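**Q**
Protein chains in written order, with the working numbering: chain L, 139 to 526; chain E, 339 to 723.
1) Within 8 Å (strictly less), CB to CB, does residue 238/L reach chain E?
2) Could one say the Cβ of residue 403/E lies closer than 8 Å to chain L's Cβ atoms, at least one of them?
3) Kindly list, in the order they appear in chain L, the residues whose Cβ is closer than 8 Å to that of residue 452/E.
4) Looking only at C-alpha atoms, which of 362/L, 154/L, 140/L sits nearest to residue 348/L?
5) Between 505/L, 187/L, 200/L, 190/L, which has its C-alpha nearest residue 389/E's C-alpha?
6) Return helix, strand or coil for residue 226/L, following the three-state DSSP convention.
7) Given this structure, state the Cα-to-Cα distance separating residue 663/E from residue 219/L, to the nearest angstrom.
8) Under 8 Å between C-beta atoms, does residue 549/E make it to chain L?
9) Would you be able to state if there are at least three C-beta pairs under 8 Å between the stretch 220-235 of chain L and the stretch 186-206 of chain L?
10) State the CB to CB distance for the pair residue 368/E and residue 553/E, rounded to an integer number of angstroms; the pair is presumed to be in contact (CB under 8 Å).
11) Buried or exposed, going by whether 16 or more other CB atoms sit within 10 Å of the CB of residue 585/E?
12) Less than 6 Å between C-beta atoms, sequence neighbours within five positions excluded: which residues of the same chain meet that for residue 172/L?
13) If you run the structure through DSSP and keep just helix, strand and coil, what is residue 604/E?
14) Between 453/L, 421/L, 499/L, which lies nearest to residue 519/L when the distance is taken from Cα to Cα?
15) Report the residues of the stretch 204-216 of chain L with a CB closer than 8 Å to any CB of chain E, ordered along the chain.
16) Along chain C, which residues have their Cβ under 7 Å away from the Cβ of residue 434/E?
17) Just to make sure I have the definition right: I need the residues of chain L whose C-beta is within less than 9 Å of the C-beta of residue 482/E. Which are they?
18) Excluding the 5 residues flanking residue 355/E on each side, which residues of the same chain have their C-beta closer than 6 Å to its C-beta?
19) Threshold first: 4 residues or longer. Then list the alpha helix (DSSP H) segments lying entirely within the stretch 382-454 of chain E, N to C.
20) Quick check on residue 463/E - is its C-beta less than 8 Å from some C-beta in chain L?
21) Please state the DSSP three-state secondary structure of residue 707/E.
22) For residue 678/E, count neighbouring Cβ atoms within 10 angstroms of its own Cβ and tell me buried if that reaches 16, exposed if not.
23) With H, G and I counted as helix, E and B as strand and the rest as coil, what does DSSP make of residue 144/L?
24) What residues from chain E crowd round residue 380/L, counting only those whose CB sits closer than 7 Å?
25) Is residue 411/E close to chain L, meaning its C-beta is less than 8 Å from at least one C-beta of that chain?
26) Inspect the beta-carbon positions of residue 619/E and residue 706/E and report whether they are closer than 8 Å.
27) Determine which residues share a DSSP beta bridge with residue 218/L and list them.
28) Report the three-state DSSP secondary structure of residue 282/L (helix, strand or coil).
29) With 8 Å as the limit, tell me which residues of the stretch 371-396 of chain E have their beta carbon closer than that to any beta carbon of chain L; keep them in chain order.
30) Is the beta carbon of residue 187/L sitting closer than 8 Å to the one on residue 215/L?
31) For the beta strand (DSSP E) holding residue 520/L, just list the boundary residues, first then last.
32) So is residue 637/E in contact with chain L if we call contact Cβ pairs under 8 Å?
33) Name, please, each residue of chain E whose Cβ falls closer than 9 Å to the Cβ of residue 472/L.
34) What is the residue span of the alpha helix (DSSP H) that residue 502/L lies within?
35) Secondary structure at residue 339/E, three-state DSSP: helix, strand or coil?
36) Can you tell me whether residue 721/E is helix, strand or coil according to DSSP?
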């Protein structure tokens, strides 16, 4: 049995579609300061190690890890970066604690997407330089291919995907940190301009700036320092091949999500996820991704997600609320911090601090992040406010 | 905490311009490491991957792109990242994959292909500087290392000849390494007479630009004993990052290295590193850096390092063998892979498999260290048999 780890502090900066008044460092500083306060006034010198999640090209520097320490209060401390979603950084921090070597580890992720004028150009640099990049297309065409394939294989419909957007944007209206809440219906999505057949503009999430910081603690420290620790009961990640043309199960399946989920459920002792989870915050960078991920995460049987969505199972008052925060479609797309936005929501819900969108009696939640086109990595985290 | 052992290691040749792609280099290193301990990819539960700036490969999110080359598809794969210190840090990363209890086996693989950067990898390093305070000055990495080298020499009264002794020693030692990209002897004179890059750095004070990959296989205590009779144990790990504002640091001494070293030594139960450590593989992309790091690693008293070097204290058969591999100066410097090469060297040395480079007297304990970013980060691993 692995050692137990809890989240004992969380802080986030003001989120916004543009944030011209602050640098990314200032944003992280704001989030970190709030996190230390939230954890009962921890001073960063008491923290044993720090993990940040970042990628060079998005930050506009090479070796982006070198700019991590100052704003976190981590100068001359063990600091490392993970080039992955924030949840991978969380996994890394968690393993550090589980070795028994460290007790308190801070982990951060941020998005300053508004600094990037042509995000798609950066993303196309993530595509294979020989087989995909020369096509000189906006890389989101891959999402269009995936969506077609997914709908074809599962029988879910275009309209059902549009209903995901309506649900998440409506959820976002009761979330003060969400930037893209709206009262719309499926028709608005279907009538919005086409981007990448069959993806329309409203099927695709918009960028958001913001920073999120968590403080993790070993069991002993968590019990000593915190009255409402949120326990990380399972965490797992997996990568499919980066080659679009050689993915085992084609483009329709989210193999990375399935592999990651299997292991995370096993760690958390979850047999019937749909029954045992109080909420799930899962990647919905594109509308179809929510349905695809719901199925891969075994929250329903293959091909069933669209129908269950229409029946309200995944609504705020349904059996298993999905993206009650608003998700990427309603809150905004935060790049390396996407997983942290999901985690933030689950933590707030489990601490009964989610305000108008609070799910009564929430005690176990799932946060799932995918790394966006063209990658194939997923991370699943299971949290609970019950001790192990 | 579970005990973790290195049970296999493999590397590609370090060369100036590899014909192989970065994925192929990763594949070759991983395959060699797995073959060395009779394992297959199916036996491996997780992959810890390291590679330095994405710019070298011209690929955004290059960890994802390289994942299949190192066997990381349909597996938990994570890329860790601390600039030039990545090569040793990746081992630390793999260590906690296993020590935490999450996995029983893990492949650590680091790759760098720097020759794709045209006309020279140094141009890509221009993008590591702060966009407001530093980049407008149009600096190169060599400038700031020249400042550090000058400050280090000034503080203790060391001369350029003193520094060149390291270049001579490591480059000639590297000739014994089968994967080295050099086969020509170098003298102190050669170093001093080589072209000035940024005073006081001459061309031969600097390690070369290289392509290459290195992989090692880690296993938990129980599994390691099933795989090999000669596991090499990871005894201690440490890492540390200083402020991003390098202009505010005193460059004569690497505090981040000292802190990382003590973190690792404390874990390994080492009180007196000079007495206990038999082999040191400090990161030596520049000749002065080997000495600078020996002081940071607490393996030489401040200011005494050149005397000890001249007395043969750091030779292959000295008290503490320094860079018996040949180091980055002697084998080559494919940034992230260079650090992992040092881990592999300790593995071979502690198993008595280092051939011509073998340190005599059955060494028991070795330390490997890597360094990078804006002269601000170190990772340190102590290994023992």
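We put the CB at the ideal spot given by N, CA and C, even for glycine.
All of these numbers come straight from a predicted model, not from anything done at the bench.
**A** With the given structure in hand:
1) yes
2) yes
3) The contacting residues do not exist; residue 452/E stays about 13 Å from chain L at best.
4) 154/L
5) 200/L
6) helix
7) 28 Å
8) For residue 549/E, the answer is no, since every Cβ of chain L falls outside 8 Å of its Cβ.
9) yes
10) 5 Å
11) exposed
12) 149
13) helix
14) 421/L
15) 204, 205, 206, 207, 208, 212, 213, 214, 215, 216
16) Looking for chain C here will not work: the only protein chains present are L and E.
17) Here the premise fails: no neighbours, minimum Cβ distance about 12 Å.
18) So the list reads 453, once near-sequence residues are dropped.
19) 400-404, 424-437
20) yes
21) strand
22) buried
23) strand
24) Simply 402, 403, 405, 406.
25) yes
26) yes
27) 189/L
28) In the displayed model, residue 282/L falls within a helix according to three-state DSSP.
29) For the stretch 371-396 of chain E, the beta-carbon criterion of a distance under 8 Å to any beta-carbon of chain L is satisfied by 390, 391, 392, 393, 396.
30) yes
31) Taken as a continuous stretch (DSSP letters only), the beta strand (DSSP E) holding residue 520/L covers 515-522.
32) Judged by the 8 Å Cβ criterion, residue 637/E is not in contact with chain L.
33) Against chain E, the beta carbon of residue 472/L has no neighbour under 9 Å; the closest one sits roughly 15 Å away.
34) Where residue 502/L is concerned, there is no enclosing alpha helix (DSSP H), although the beta strand (DSSP E) it sits in stretches over 502-508.
35) Shown here, residue 339/E sits in coil according to DSSP, grouped into three states, outside any helix or strand.
36) strand
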